[in-house]
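Worksheet: one structure, shown below.
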Amino acid sequence: MDPGYSGHRERDYYAGTHMLNPQHGALHLSRQNQSPHDLAMDNNSSERMELRPTPQRSSMQHYNPDINIPKQDEENADEGICAMILTVLSWLLVFATLPFSLCICFKVVQEYERAVIFRLGRLRHGGSKGPGIFFVLPCIENYTKVDIRSTLFDIPPQEILTKDSVTVSVDAVVYYRIFNAALSVANVENVHHSTRLLAQTTLRNVLGTKALHELLSDREIISAAVSVSLDESTEQWGIKVERVEVKDVRLPVQLQRAMAAEAEAGREARAKVIAAEGEQKAARALKEAADIIADSPAALQLRYLQTLNTISAEKNSTIIFPIPMDLVSQFLPVRH
Numbered sequence: 413m414d415p416g417y418s419g420h421r422e423r424d425y426y427a428g429t430h431m432l433n434p435q436h437g438a439l440h441l442s443r444q445n446q447s448p449h450d451l452a453m454d455n456n457s458s459e460r461m462e463l464r465p466t467p468q469r470s471s472m473q474h475y476n477p478d479i480n481i482p483k484q485d486e487e488n489a490d491e492g493i494c495a496m497i498l499t500v501l502s503w504l505l506v507f508a509t510l511p512f513s514l515c516i517c518f519k520v521v522q523e524y525e526r527a528v529i530f531r532l533g534r535l536r537h538g539g540s541k542g543p544g545i546f547f548v549l550p551c552i553e554n555y556t557k558v559d560i561r562s563t564l565f566d567i568p569p570q571e572i573l574t575k576d577s578v579t580v581s582v583d584a585v586v587y588y589r590i591f592n593a594a595l596s597v598a599n600v601e602n603v604h605h606s607t608r609l610l611a612q613t614t615l616r617n618v619l620g621t622k623a624l625h626e627l628l629s630d631r632e633i634i635s636a637a638v639s640v641s642l643d644e645s646t647e648q649w650g651i652k653v654e655r656v657e658v659k660d661v662r663l664p665v666q667l668q669r670a671m672a673a674e675a676e677a678g679r680e681a682r683a684k685v686i687a688a689e690g691e692q693k694a695a696r697a698l699k700e701a702a703d704i705i706a707d708s709p710a711a712l713q714l715r716y717l718q719t720l721n722t723i724s725a726e727k728n729s730t731i732i733f734p735i736p737m738d739l740v741s742q743f744l745p746v747r748h
């Protein structure tokens, strides 16, 4: 066998291992630089080289042994050693300055407060502390007090374009509280300011999907929808939104006049319909009464007496007494 054959074949083998088939992810040997004698030896050789497919890489990047990648475990170990040393020094300082150090190390939080403690920039295990007394190591620990009582704020009037292209001004009030003090400090810079800005955006987004008549009639449903949406967004900040109330919906002056005119016209139309129905019922009742009186002369006389009684009760100076026609007919001349 040619002495250069093995080296040449080895170079071609390693060169071919870097050629990838983009469809199958298999490896192909590059034989462009091989001689016919090498090809024949490859075909007749009893030795078979088995190539296993390797996962296709998105970018043709090869491992460079000269690049040193830092190990996260080593960094964590170094940080742990430094933290341990600083902790020991802090305890030594506490014992060296007893009993004066007790006034600095012991802190008190109220029933409505929680203390979030950080040691060397990291949140201490166990989350927040309180209520009551807790211990803080000097120099390496600091804490932040968080008020967990329910609070409220007014959303300033927001100019909103409704679903039916009407511009309205809406203001609301939001009630919320902090249920996780650690999240409210570690996940957001200013939890109260961020909640207020997000409440304004959520109010505009929800009301923008409603029509004007829905804003005026379905305030409770809209308030519940805004509350649920805002609560889902602020949960990662440790905020619990208790309720949202839409206070006022102000319409443009021209739209108010148009709606007032429409409402007045509707009221007048309903009044006319009611009056017409009343006259119709009264006419029907008068017709029935006339038919009854015509069938009974005694009823007509009784009606005369009722009319006289009504006139006399009004203290009139002149009383007209109706005379029955059968009595008057006797005094009238007879026509031939």
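For the sequence shown, this note's numbering assigns the number 413 to the initial residue and increments by one for each residue that follows. Beta carbons are placed, not taken as given, at the ideal position from N, Cα and C, and that holds for glycine. Keep in mind that this is a model prediction, so the values were computed, not measured.
For residue i, which option in the options has the closest C-alpha, if you only look at C-alpha atoms?
| i | options | result |
| --- | --- | --- |
| R589 | K557, I572, G650 | G650 |
| I497 | V585, S513, L532 | L532 |
| L595 | L610, K519, E647, Q612 | E647 |
| I410 | H625, S645, L642, V618 | The requested residue 410 does not occur in the structure, where the chain is confined to residues 413 to 748. |
| C494 | H625, I552, G538 | I552 |
| F546 | L514, S639, V585 | L514 |
| N554 | I560, S502, L717 | S502 |
| Q570 | H625, R679, L714, R662 | R662 |
| F565 | P511, R631, P664, E657 | E657 |
| V638 | S629, R616, H625 | R616 |
| T621 | R608, T607, T579 | T579 |
| L628 | M671, V600, R534 | M671 |
| H625 | T719, A710, L667 | L667 |
By DSSP, does residue i sit in helix, in strand, or in coil?
| i | result |
| --- | --- |
| L505 | helix |
| R631 | helix |
| A623 | coil |
| Q680 | Contrary to the premise, residue 680 reads as Glu rather than Gln in this sequence. Correct three-state label for E680: helix. |
| K699 | helix |
| S577 | coil |
| E689 | helix |
| Q522 | coil |
| V548 | coil |
| V500 | helix |
Within the same chain, show all residues whose beta-carbon is closer than 7 Å to that of residue i, passing over the 5 residues directly before and after it, in chain order.
| i | result |
| --- | --- |
| G542 | V521, E525, R526, A527 |
| E654 | S562, Y587, Y588, R589 |
| R715 | I705 |
| A623 | T574, K575, D576 |
| K402 | Since the first residue of the chain shown is 413 and the last is 748, residue 402 is not available in this structure. |
| I529 | R536, K541, V548, E553, Y555 |
| Q612 | I567, Q570 |
| D630 | none |
Please report the residue range of the alpha helix (DSSP H) in which residue i lies.
| i | result |
| --- | --- |
| L514 | 512-517 |
Please list the terminal residues of the continuous beta strand (DSSP E) segment that includes residue i.
| i | result |
| --- | --- |
| L595 | From DSSP, L595 is part of no beta strand (DSSP E) but of the alpha helix (DSSP H) over 593-598. |
| N554 | 553-559 |
| L535 | 534-541 |
| E525 | 525-531 |
Residue i: beta carbon under 8 Å from a heavy atom of the ligand FMN?
| i | result |
| --- | --- |
| V653 | No copy of the ligand FMN occurs in the structure displayed, which carries no ligand at all. |
Can you name, in chain order, every residue of its own chain whose Cβ lies under 6 Å from the Cβ of residue i, other than the five neighbours on each side?
| i | result |
| --- | --- |
| F660 | The sequence shown places Asp at residue 660, not Phe. The residues are D583. |
| I704 | none |
| E523 | P543 |
| S471 | Per-residue confidence for S471 stands at a pLDDT of 42, beneath the threshold of 50, marking its modelled position as unreliable; the derived number appears in the next sentence. Cβ neighbours of S471 beyond the five flanking positions: none. |
| D643 | V653 |
| R682 | none |
| V603 | S596, W649 |
| S708 | none |
| N592 | G650 |
| G539 | A594 |
| A711 | I705 |
Leaving out the 5 sequence neighbours to the left and right, which residues in its chain are closer than 8 Å to residue i when beta-carbon positions are compared?
| i | result |
| --- | --- |
| C517 | V506, F547, V548, L549, P550 |
| S645 | L610, T614 |
| V585 | L564, F565, D566, I567, V656, E657, K659 |
For residue i, decide whether its Cβ has a neighbour in chain C, counting only Cβ atoms nearer than 9 Å.
| i | result |
| --- | --- |
| I493 | Although the question refers to chain C, the structure presented lacks it and comprises just one protein chain. |
Contained beta strand (DSSP E) runs [length at least 3] in the stretch 636-678, N- to C-terminal order: 651-662
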